[in-house]
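Under my numbering, the letters of the sequence shown match residues 418 to 634, in that order.
Even for Gly, the Cβ is constructed at its ideal location relative to N, Cα and C.
To start, the structure under review is shown below, and the notes come after it.
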Amino acid sequence: MIKFTVITLFREAVEPYLKTSMMWKATEKGLAQFDFVDLREFGLGPHKSVDDTPYGGGDGMLLRCEPVFAAIESVKAKSPDAKVILPTPVGKVWKQDSARELANSDAHYIILCPHYEGYDERIMSLVDLPISLGKYVLTGGELPALIIIDSVVRLIPGVLGGEKSAEIESFSDGDNLEYPQYTKPYDFRGMKVPDVLLSGNHGEIAKWRKENSGKAE
Ligand code: ADE
Numbered sequence: 418m419i420k421f422t423v424i425t426l427f428r429e430a431v432e433p434y435l436k437t438s439m440m441w442k443a444t445e446k447g448l449a450q451f452d453f454v455d456l457r458e459f460g461l462g463p464h465k466s467v468d469d470t471p472y473g474g475g476d477g478m479l480l481r482c483e484p485v486f487a488a489i490e491s492v493k494a495k496s497p498d499a500k501v502i503l504p505t506p507v508g509k510v511w512k513q514d515s516a517r518e519l520a521n522s523d524a525h526y527i528i529l530c531p532h533y534e535g536y537d538e539r540i541m542s543l544v545d546l547p548i549s550l551g552k553y554v555l556t557g558g559e560l561p562a563l564i565i566i567d568s569v570v571r572l573i574p575g576v577l578g579g580e581k582s583a584e585i586e587s588f589s590d591g592d593n594l595e596y597p598q599y600t601k602p603y604d605f606r607g608m609k610v611p612d613v614l615l616s617g618n619h620g621e622i623a624k625w626r627k628e629n630s631g632k633a634e
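Laid out in structure tokens, this is it:
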């Protein structure tokens, strides 16, 4: 079973989503497991501090090494083969193929969610998979962690209803995007469903869908 351990200062921002809909169903069916480590517990001094100012000057605060190393080591003590994911704008861009690779892996992933202006570079020595969600900057790793988990878990056989839905959807075949789909009613405020979809002619329907599939940028 695939397992994700999320190391975060903001568990309350991550947990509700994982207790909802498909993610929750995946855990109920024993197809995925999620747990949390509170980075604050590994903080230093009476204030359990986890960050400090950068050497050489500059704005903001950086995550310190000690709490992060201690938190990751606490997970690895029980699960030495767990792989560490770091969401970071300088990571490898996350794609559907990356999600598919993890979904087939049955491994334990630790997702370290940085916060503040950044992290001490020595933290990279612990990281197996630096992952970027795209060319923009977020305030922390919590949203990327959820996006990574969601995109992986939905591909695990048995999580979505019909096994076909993950197979034929967008990006399942290179950069092809899914074709437009329609449900009832046939006529909604004058906007009608393309007649070919009601024709019962599977060859024509397949042709229409192919012609109307998009391409990713
Ligand atoms: N943390 C901040 N920005 C990010 C991004 N674009 N992708 C992944 N992690 C991030």
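Opposing strand residues paired with residue i [DSSP bridges]
{"i": "residue 549", "result": "510"}
{"i": "residue 503", "result": "547"}
{"i": "residue 476", "result": "Answer is none; residue 476 lacks a bridge partner."}
{"i": "residue 449", "result": "419"}
{"i": "residue 636", "result": "Outside the shown range of the chain, which is 418 to 634, sits residue 636, and nothing can be said about it."}
Nonlocal neighbours in the same chain, by C-beta distance under 7 Å from residue i, ignoring five residues either side
{"i": "residue 621", "result": "613"}
{"i": "residue 478", "result": "468, 469, 470, 533 and 534"}
{"i": "residue 488", "result": "424, 454, 456 and 459"}
Presumed contact (8 Å Cβ cut-off) between residue i and residue j, rounded CB distance
{"i": "residue 533", "j": "residue 480", "result": "6 Å"}
{"i": "residue 576", "j": "residue 442", "result": "7 Å"}
{"i": "residue 537", "j": "residue 482", "result": "5 Å"}
{"i": "residue 597", "j": "residue 629", "result": "6 Å"}
Cβ-based neighbour list, residue i, same chain, cut-off 8 Å, excluding 5 preceding and 5 following
{"i": "residue 440", "result": "434, 449, 451, 566, 567 and 570"}
{"i": "residue 553", "result": "506"}
{"i": "residue 515", "result": "509 and 548"}
{"i": "residue 444", "result": "435, 450 and 451"}
Option in the options with minimal Cα separation from residue i
{"i": "residue 454", "options": "535, 596, 594 and 486", "result": "486"}
{"i": "residue 502", "options": "608, 514, 425 and 529", "result": "529"}
{"i": "residue 518", "options": "587, 436 and 419", "result": "419"}
{"i": "residue 459", "options": "476, 425 and 436", "result": "425"}
{"i": "residue 600", "options": "593, 609, 594 and 592", "result": "609"}
{"i": "residue 512", "options": "615, 431, 491 and 564", "result": "564"}
{"i": "residue 461", "options": "562, 484, 602 and 615", "result": "484"}
{"i": "residue 495", "options": "444, 422, 510 and 446", "result": "422"}
{"i": "residue 586", "options": "631, 543 and 548", "result": "631"}
{"i": "residue 504", "options": "561, 428, 430 and 432", "result": "561"}
{"i": "residue 604", "options": "615, 497 and 594", "result": "615"}
{"i": "residue 588", "options": "490, 428, 634 and 556", "result": "634"}
Residue i beta carbon near the ligand ADE (any heavy atom closer than 7 Å)
{"i": "residue 501", "result": "no"}
{"i": "residue 533", "result": "no"}
{"i": "residue 599", "result": "no"}
{"i": "residue 477", "result": "no"}
{"i": "residue 423", "result": "no"}
{"i": "residue 515", "result": "no"}
{"i": "residue 544", "result": "no"}
{"i": "residue 431", "result": "no"}
6 Å Cβ shell around residue i - same chain, five flanking residues per side excluded
{"i": "residue 520", "result": "569, 572 and 573"}
{"i": "residue 432", "result": "none"}
{"i": "residue 593", "result": "630"}
{"i": "residue 625", "result": "613"}
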